[in-house]
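Protein chains in written order, with full-length UniProt numbering: chain A, 1 to 351; chain B, 1 to 351.
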């Protein structure tokens, strides 16, 4: 008897998420066709319905197989079908790809719970950490707990529009203990000659890389704003990756140091984030203009919250509750510059 | 009985070397005065004599305490004394700082051999590797063997003019097994609040970081020339640091992996070299203009040899002799693009 084919569902939400992962959507569409022995051809994609020029977004996607407004000239594969119902998208799916903004996770999981295939597994591309009541969680754990299905994590130096344009990129999948074979299905779903997927048994490490790197990017931006040059910025990045690693090892179990120092999710993504990206840019502007971050968010990001300052605040609040803030002088200094009026030039004073 | 004070000699050679380490010369001058309990005040510096505007270079340095021609507006400390005689400079010195171009090492060591203090130790800041007759050596070993005194290595993300201008930087000293206490004298000679020195028991690792990073910078420059974007460049750097580490562990003893992934000599210097620096720049021009490297060296570097292509050639020649070239696909591909006409767009094909 042949094994049942894998059915893929992308649990996205709205244009923003689609723009962020259009490259990965393309790869899923491409690979489900390429590996037709493993995957069902059709990939369902949950899309939060909205009107674009009077038309339903899902209908535009299914008719035009593109998203001119957000990523012009990038075609979506025809086998990726948008649907406004998350239950419909996830029905019978064995591979669930989560790319929601984190505030929607719990409600979406509530809608899905009990309606999933018994063989379903999930993967999270959601950045950030969930800090509450003196506890810190990664979203792969939040999803796994809420759905009752195993959840891996994917993160890496894979800026969406470069992936969508088939420029060479890498990413990292962190899988759970003993589940390498199952994680290889996600490898097969995303890996192509120009998009190399690495696997490592470390869900927490991969997730935390994606979250904590944004704090370091704020520090790198301060450095740029101060005009301190390449040596200082490289030093901030080096110290940053070590604080990220130490934090993960102190507060999560079974974290691998090499996730931070050797994978695409770790050092490579830190590099792209500290040289490109909105966190670095806003932090540079913070030093140069003297404007507070909420003003810069309004001016430069249409009011969207910056992930780096937000994560710095959450992580430092957590470290303060655990009386461990002094163990992370770079996190602490970045937080104090961003929120407590510390002079940016004090960036390295406590290192 | 008080311990004898340490006497420092800088074994430089000509303007080029001085320009490269003027920051370190300043730090030595500053720290010998600051730690007057440990160091003799006077630091002797061997300078290859030449005429500048009709005057002897050593006399200009000793009179004006500056080097307007090479690093304007950076003062040299008054306690650093230039001398055209290397034997004179090294006489009674207990700490010898080597910053010669590598082709001069053997002759200089010959002049010094037998004329050194019995307590002398050396540190090498010389980049590159010595490949001959199927053997590969680091210059710290060449110096140690030629002089018969222990030799450490210093390397890191410390671009000279930023250090000289007291911007925040870090560096790494690799010391020999069991010699941490002695290496701490070099730590004390260079470390300041804005120039942080790390110590690691790994002379080979620190030396090889300084040499092999230049190969990766050529790859990063190809990437820039191809317009492949940030993901691809970060991937090249990530794969690069792993090939550097693997090479060191395969062909040298007692190399520590974290020298590559966690120190200033390793990942931090790789970052500065892949974003700034002449290797990256010339490699980008190689792809964009189609001109061979010897033409670009003539046009962009006044005919000076590029270290990255030179090291790629030496390392790949060594790997070929050892029948191990295929174990290092990034080194190999960079070499083949630079010297054998391989299409730059094949950069990632064998990774």
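Note that CB positions come from ideal geometry on N, CA and C, so glycine has one too. Every value quoted in this text rests on a predicted model; they were computed, and no experiment measured them.
Buried versus exposed, by CB contacts within 10 Å (16 or more), residue i
{"i": "residue 220 of chain A", "result": "buried"}
{"i": "residue 302 of chain A", "result": "exposed"}
{"i": "residue 23 of chain A", "result": "buried"}
{"i": "residue 278 of chain B", "result": "buried"}
{"i": "residue 51 of chain A", "result": "exposed"}
{"i": "residue 224 of chain A", "result": "buried"}
{"i": "residue 170 of chain A", "result": "buried"}
{"i": "residue 357 of chain B", "result": "With chain B running from 1 to 351 in the structure shown, residue 357 of chain B is simply not present."}
{"i": "residue 253 of chain B", "result": "exposed"}
{"i": "residue 53 of chain A", "result": "exposed"}
{"i": "residue 181 of chain B", "result": "exposed"}
{"i": "residue 37 of chain B", "result": "exposed"}
{"i": "residue 231 of chain B", "result": "buried"}
{"i": "residue 295 of chain A", "result": "exposed"}
{"i": "residue 344 of chain B", "result": "buried"}
{"i": "residue 135 of chain B", "result": "exposed"}
{"i": "residue 191 of chain A", "result": "buried"}
{"i": "residue 257 of chain A", "result": "buried"}
{"i": "residue 411 of chain B", "result": "The shown model of chain B, from 1 to 351, leaves out residue 411 of chain B, and the question about it has no answer."}
{"i": "residue 304 of chain A", "result": "exposed"}
Residues that residue i bridges to, as DSSP identifies them
{"i": "residue 291 of chain B", "result": "The partner list for residue 291 of chain B (beta bridge, DSSP) is empty, contrary to what the question assumes."}
{"i": "residue 51 of chain A", "result": "A/56"}
{"i": "residue 166 of chain B", "result": "Residue 166 of chain B pairs with nothing; no bridge assigned."}
{"i": "residue 151 of chain A", "result": "A/122"}
{"i": "residue 401 of chain B", "result": "Examination of residue 401 of chain B is not possible in this model, given that chain B is present from 1 through 351 alone."}
{"i": "residue 45 of chain A", "result": "A/10 and A/82"}
{"i": "residue 172 of chain A", "result": "A/155 and A/198"}
{"i": "residue 39 of chain B", "result": "B/6"}
Assigned secondary structure, residue i (DSSP; H/G/I helix, E/B strand, else coil)
{"i": "residue 86 of chain A", "result": "helix"}
{"i": "residue 6 of chain A", "result": "strand"}
{"i": "residue 273 of chain A", "result": "helix"}
{"i": "residue 130 of chain B", "result": "strand"}
{"i": "residue 224 of chain B", "result": "helix"}
{"i": "residue 280 of chain A", "result": "helix"}
{"i": "residue 328 of chain B", "result": "coil"}
{"i": "residue 348 of chain B", "result": "coil"}
{"i": "residue 159 of chain A", "result": "coil"}
{"i": "residue 179 of chain A", "result": "coil"}
{"i": "residue 199 of chain A", "result": "strand"}
{"i": "residue 243 of chain A", "result": "helix"}
{"i": "residue 93 of chain A", "result": "coil"}
{"i": "residue 192 of chain B", "result": "strand"}
{"i": "residue 323 of chain B", "result": "coil"}
{"i": "residue 117 of chain B", "result": "coil"}
{"i": "residue 1 of chain A", "result": "Because the pLDDT at residue 1 of chain A is just 42, under 50, the model does not fix this residue reliably, and the value given afterwards should be weighed accordingly. Three-state DSSP puts residue 1 of chain A in coil, outside helix and strand."}
{"i": "residue 309 of chain A", "result": "helix"}
Any non-hydrogen atom of the ligand FAD within 8 Å of residue i CB
{"i": "residue 177 of chain A", "result": "As for the ligand FAD, it is missing from this structure, which has no ligand bound."}
Option nearest residue i by Cα separation, candidates the options
{"i": "residue 315 of chain A", "options": "A/305, A/106, A/21 and A/131", "result": "A/131"}
{"i": "residue 153 of chain B", "options": "B/159, B/176, B/165 and B/170", "result": "B/176"}
{"i": "residue 114 of chain B", "options": "B/92, B/97 and B/275", "result": "B/92"}
{"i": "residue 78 of chain A", "options": "A/102, A/108 and A/45", "result": "A/45"}
{"i": "residue 110 of chain A", "options": "A/145, A/124 and A/81", "result": "A/145"}
{"i": "residue 126 of chain B", "options": "B/254, B/187 and B/138", "result": "B/138"}
{"i": "residue 306 of chain A", "options": "A/280, A/208 and A/97", "result": "A/280"}
{"i": "residue 121 of chain A", "options": "A/94, A/103, A/268 and A/351", "result": "A/94"}
{"i": "residue 96 of chain A", "options": "A/151, A/64 and A/85", "result": "A/151"}
{"i": "residue 338 of chain A", "options": "A/317, A/283, A/270 and A/248", "result": "A/283"}
{"i": "residue 243 of chain A", "options": "A/214, A/99 and A/222", "result": "A/214"}
{"i": "residue 347 of chain B", "options": "A/236, A/193, A/105 and A/328", "result": "A/193"}
{"i": "residue 185 of chain A", "options": "A/292, A/35 and A/161", "result": "A/35"}
{"i": "residue 323 of chain B", "options": "B/250, B/65 and B/226", "result": "B/250"}
Beta-carbon neighbours of residue i, restricted to chain B and to distances below 8 Å
{"i": "residue 169 of chain A", "result": "231, 232 and 235"}
{"i": "residue 276 of chain A", "result": "230"}
{"i": "residue 343 of chain A", "result": "Here the premise fails: no neighbours, minimum Cβ distance about 14 Å."}
Partner residues on chain B for residue i, Cβ-Cβ distance less than 9 Å
{"i": "residue 242 of chain A", "result": "262"}
{"i": "residue 159 of chain A", "result": "229, 230 and 231"}
{"i": "residue 333 of chain A", "result": "The premise fails here: residue 333 of chain A is roughly 12 Å from chain B at the closest Cβ pair, so nothing lies under 9 Å."}
Contacts of residue i in chain A (Cβ-Cβ under 8 Å)
{"i": "residue 322 of chain B", "result": "Here the premise fails: no neighbours, minimum Cβ distance about 24 Å."}
{"i": "residue 299 of chain B", "result": "Those within 8 Å of residue 299 of chain B in chain A number zero; the least Cβ separation is about 24 Å."}
Chain-ordered chain A contacts of residue i [CB-CB under 9 Å]
{"i": "residue 220 of chain B", "result": "Going along chain A, no residue has its Cβ under 9 Å from residue 220 of chain B, so there is no contact; the nearest lies around 10 Å."}
Chain-ordered chain A contacts of residue i [CB-CB under 7 Å]
{"i": "residue 395 of chain B", "result": "Any answer about residue 395 of chain B is impossible in this case: the structure gives chain B only from 1 up to 351."}
{"i": "residue 34 of chain B", "result": "None at all; the shortest Cβ gap to chain A is about 19 Å."}
{"i": "residue 267 of chain B", "result": "238 and 267"}
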